[in-house]
Ligand SMILES: [Zn+2]
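In my numbering, the protein residues as written are 24 to 312.
Okay, here's the thing in structure tokens:
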């Protein structure tokens with residue numbers, strides 16, 4: 024328990040500091056744009072993946088990475104034919120997704136779940152960084168000729184995550200409820216739970232049409248089939264650990280035995296294999312069996 028808590032506190036501290044980016048130099052980072060369909064482009068630099076809708080009404084941005092990258096993001100949107108975003112949607116509160124809020128709030132309105140506002144305020148972010156419009160369950164923005172649905176995904180990565188579904192463009196941004204460059208991070212300090220994380224992913228899988236593109240918070244854009252495979256593999260890793268627990272094995276033994284070879288690449292990212300196993304172990308032992 025102690026080491027899991029230590030992990031979580033460490034990550035929480037990293038996220039809290041992320042918007043200020045004290046130790047990072049962003050000078051060499053370039054923002055790239057990839058058209059995904061309809062009005063929507065994927066924007067990538069450093070930090071969480073962004074999406075931008077550009078059309079007759081103007082520009083709408085989903086997530087805004089780190090503060091020092093905001094002017095580059097704005098320039099890339101201008102290059103694509105958009106002005107300063109009129110709306111900025113935050114998938115959740117972490118600084119690698121909201122670091123540009125203060126910058127974009129000058130010209131735009133930030134929309135996010137109620138708990139994003141609470142947690143950004145708790146993290147002592149400037150008042151400008153806080154969402155102006157918040158919601159408990161969801162909200163729709165009718166913009167650039169389509170309904171853009173924000174759907175709250177409760178108690179998963181955090182307690183304030185939303186999916187942003189561009190229903191006409193057939194693109195959905197899942198924030199860190201979907202990451203495919205490694206094991207996911209369940210931010211328990213921010214109200215996240217493993218059970219909720221998996222339930223949210225299953226809900227998304229049932230909700231979206233077959234021809235949708237899914238943007239992960241970190242990693243590469245996926246088809247629905249690829250998303251389904253990711254969820255199946257992730258769920259399998261949880262089941263494998265829970266079987267070992269039911270056999271009475273303790274955490275060090277389960278970590279020592281490890282996961283099958285197919286998960287080797289998953290452990291190379293932000294959450295290594297032992298951290299993921301620890302997350303599963305602590306989640307399962309905390310829930311009724
Ligand atoms: Zn996050």
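Each residue gets a CB set at the ideal place from its N, CA and C atoms; glycine is no exception. Quantities reported herein were computed from a predicted structural model and do not represent experimental measurements.
Taking only three categories from DSSP, how would you classify residue i?
{"i": "residue 234", "result": "coil"}
{"i": "residue 109", "result": "coil"}
{"i": "residue 298", "result": "helix"}
{"i": "residue 58", "result": "strand"}
{"i": "residue 306", "result": "helix"}
{"i": "residue 278", "result": "helix"}
{"i": "residue 227", "result": "helix"}
{"i": "residue 120", "result": "helix"}
{"i": "residue 249", "result": "helix"}
{"i": "residue 244", "result": "coil"}
{"i": "residue 42", "result": "No answer about residue 42 holds up, because its pLDDT of 45 lies below 50 and its placement is not dependable."}
{"i": "residue 65", "result": "strand"}
{"i": "residue 257", "result": "helix"}
{"i": "residue 52", "result": "coil"}
{"i": "residue 176", "result": "strand"}
{"i": "residue 143", "result": "helix"}
From residue i to residue j, what distance separates their C-alpha atoms?
{"i": "residue 158", "j": "residue 135", "result": "7 Å"}
{"i": "residue 115", "j": "residue 275", "result": "32 Å"}
{"i": "residue 113", "j": "residue 173", "result": "10 Å"}
{"i": "residue 131", "j": "residue 270", "result": "54 Å"}
{"i": "residue 124", "j": "residue 152", "result": "5 Å"}
{"i": "residue 58", "j": "residue 83", "result": "15 Å"}
{"i": "residue 258", "j": "residue 171", "result": "29 Å"}
{"i": "residue 216", "j": "residue 56", "result": "32 Å"}
{"i": "residue 296", "j": "residue 252", "result": "19 Å"}
{"i": "residue 207", "j": "residue 289", "result": "9 Å"}
{"i": "residue 187", "j": "residue 227", "result": "11 Å"}
{"i": "residue 236", "j": "residue 146", "result": "32 Å"}
{"i": "residue 156", "j": "residue 107", "result": "18 Å"}
{"i": "residue 283", "j": "residue 223", "result": "25 Å"}
{"i": "residue 44", "j": "residue 250", "result": "In this prediction, residue 44 has a pLDDT of 45, which is less than 50 and means its spatial position is unreliable; what the coordinates show is noted afterwards. Their Cα atoms are separated by approximately 31 Å."}
{"i": "residue 221", "j": "residue 260", "result": "12 Å"}
{"i": "residue 128", "j": "residue 160", "result": "23 Å"}
Taking the alpha carbon of residue i as the point to measure from, which residue in the options has its own alpha carbon closest?
{"i": "residue 218", "options": "271, 192, 177", "result": "177"}
{"i": "residue 268", "options": "300, 55, 204, 99", "result": "300"}
{"i": "residue 119", "options": "49, 295, 272", "result": "49"}
{"i": "residue 179", "options": "170, 210, 167, 205", "result": "210"}
{"i": "residue 109", "options": "197, 283, 97", "result": "97"}
{"i": "residue 266", "options": "307, 302, 298, 92", "result": "307"}
{"i": "residue 54", "options": "60, 80, 103", "result": "103"}
{"i": "residue 144", "options": "189, 117, 278", "result": "117"}
{"i": "residue 77", "options": "51, 160, 166", "result": "166"}
{"i": "residue 202", "options": "291, 61, 52, 81", "result": "291"}
{"i": "residue 364", "options": "277, 231, 100", "result": "Not covered by the structure: residue 364. The range shown for the chain is 24 to 312."}
Per the DSSP calculation, residue i is bridged to which residue(s)?
{"i": "residue 78", "result": "81"}
{"i": "residue 170", "result": "165"}
{"i": "residue 133", "result": "111"}
{"i": "residue 195", "result": "188, 237"}
{"i": "residue 156", "result": "134"}
{"i": "residue 47", "result": "According to DSSP, residue 47 bridges with nothing at all."}
{"i": "residue 73", "result": "66"}
{"i": "residue 202", "result": "241"}
Since residue i contacts residue j with CB under 8 Å, what's their CB separation in whole angstroms?
{"i": "residue 304", "j": "residue 264", "result": "6 Å"}
{"i": "residue 69", "j": "residue 122", "result": "So it is not a contact: roughly 10 Å between Cβ atoms."}
{"i": "residue 192", "j": "residue 63", "result": "4 Å"}
{"i": "residue 181", "j": "residue 214", "result": "6 Å"}
{"i": "residue 241", "j": "residue 199", "result": "7 Å"}
{"i": "residue 86", "j": "residue 71", "result": "5 Å"}
{"i": "residue 142", "j": "residue 183", "result": "6 Å"}
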